[in-house]
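Novice:
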Amino acid sequence: MVDKPKNLNTPENDFEFKRKFDELVNNKEPLIVVKFFAQWCYHCELINEPFKEIVSAHANVQFINVDIDVCQNTSELHKITCVPSFVFFVEGTKVLGYCGSSAELFEEHLTSFLTKKKNLPIGAPTTSQPSNPPSTLSPKRLTQNQLGARVTDDLIAVEKCRVLNMAPKYELSNVIKMGMKGYIESHVGSQMLITVMFVNKINLGSFSVSAPEDCGPKLITLYYNSKSNPNFKDILNYRHDECFEYVFKNTHTFNFNIIELAKKILTAEDLRRKARIYFTDCRSDNVQKIIIYVQNNQKNTNKTRIDALSFFMYKPDKARRRI
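If you're matching positions, the sequence shown starts at 1 in full-length UniProt numbering and goes up one per residue.
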């Protein structure tokens, strides 16, 4: 394990980040690289050690390691919705931002700046697609032929859907069926665990959430096709292996597997615009059950509210199935 490099700073709050960043800019550091990560992010763990090795090998560059849950205002200021994310600053101005867990891609970007092979105009941000899938849901390009229609009511097995920690007076059908007016709220605290069953296996391309900007979901995780219905204890005590498969242990009766599709940090704008959130790889093919874990809400209040959940299909192509 590589020791923490001297040119790597990890701020403990937003104020400390601003102080350190301003200090580096005032010192006229030519290149500052900020890495945004999360403790719960598996892909962040994958790149941790390679990242430290790269940092150690480039003592002439200043790096800042930002935990998005510790420095929430900083993360929102830089519009971070996917981790791990890397933002490059030249003379204090953002010139590149991208999300991905590939150490090779990160080193390629870093080297290109240091060797001045990449002539990026100051103040013109660009993005780069990661070669490894990020740990949240990110937009992907779909052809017009692939874009699918919304999953209709006849494809949802409403009687098999359920919500844990939903206030008793609400019904899940109010938010998953088309044309219904209503909403659901959490009962105690902000967390909710929503299971949506489909009549048959379908290919999911994207989903959207409609909710108030103050108490709508913020950090959500989506799982699929578990052999049983997990509870909060199962979600919090999963074990992760190299195949992205989660093995849950129910201490009473059985063991079952569940696979994570991705994590997503929803913004208030996502909720307001009912933005389509796209799945990124073939794990969303042939899905019959979606489990949505709502960890918190936009303002960290005790009540989370959801007005509508919509799912959209897509037509798979050969290229995507090779992922």
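Every residue, glycine too, gets a C-beta built ideally from N, C-alpha and C.
Does the beta-carbon of F232 have 16 or more other beta-carbons within 10 angstroms, so that it is buried, or is it exposed?
Specialist: Counting Cβ neighbours within 10 Å, F232 comes out exposed, since fewer than 16 surround it.
Novice: So, with DSSP's three-state summary, where would you put N174?
Specialist: Looking at N174 - three-state DSSP - the assignment turns out to be helix.
Novice: With respect to the beta strand (DSSP E) encompassing F36, which residues constitute its N-terminal and C-terminal limits?
Specialist: F36 -> beta strand (DSSP E) spans 31-37.
Novice: Rank D154, E29, K218, N65 by C-alpha distance to the C-alpha of N296 and give the top, closest one.
Specialist: Of the candidates D154, E29, K218, N65, the one whose C-alpha sits nearest the C-alpha of N296 is K218.
Novice: Given N58, which residues of its chain have a CB within under 8 Å of its CB, disregarding the five upstream and five downstream residues?
Specialist: Per the sequence presented here, residue 58 reads as His, with Asn not at that position. N7, L110, L114, listed in sequence order.
Novice: Report back the beta-carbon spacing between A211 and I306 to the nearest angstrom; my notes put them in contact at under 8 Å.
Specialist: Sure, about 5 Å apart at Cβ, within 8 Å.
Novice: How big is the Cα-Cα spacing for T195 and N286?
Specialist: Roughly 16 Å separates the two Cα atoms.
Novice: Compute the Euclidean distance between the alpha carbons of V55 and F86, then round it to the nearest angstrom.
Specialist: Going from the Cα of V55 to the Cα of F86 covers about 13 Å.
Novice: Give me whichever residues DSSP pairs with N65 in a beta bridge.
Specialist: The partner list for N65 (beta bridge, DSSP) reads K35.
Novice: Of the residues L31, P5, P30, F36, which one's Cα is nearest the Cα of F17?
Specialist: For the residues L31, P5, P30, F36, the minimum Cα distance to F17 belongs to F36.
Novice: Hey, could you find the ends of the beta strand (DSSP E) L164 is sitting in?
Specialist: 162-164 is the span of the beta strand (DSSP E), which, as asked, contains L164.
Novice: Any heavy atom of the ligand ATP within a distance shorter than 8 Å of the CB on R272?
Specialist: For the ligand ATP, the structure offers nothing, since it holds no ligand at all.
Novice: At which residues does the alpha helix (DSSP H) containing E18 begin and terminate?
Specialist: A quick correction: the sequence has Lys, not Glu, at residue 18. Start and end: 14-26.
Novice: Among the residues of its own chain, which have a CB less than 7 Å from the CB of I202, if the five just before and after it don't count?
Specialist: The residues are V151, L155, V287, M313.
Novice: Nearest to R162 by CA position, among A268, N13, L193, D67, is which residue?
Specialist: Nearest C-alpha to R162: L193.
Novice: Thinking V90 and L24 are a contact (beta carbons under 8 Å), I'd like their distance in whole angstroms, please.
Specialist: Contact doesn't hold; Cβ gap of about 12 Å is too wide.
Novice: G97 bridges to which residues according to DSSP?
Specialist: In the DSSP output, where bridge partners are listed per residue, G97 has V87.
Novice: Could you tell me which of L222, P11, T301 sits nearest to D214, measuring between CA atoms?
Specialist: Closest by alpha carbon: T301.
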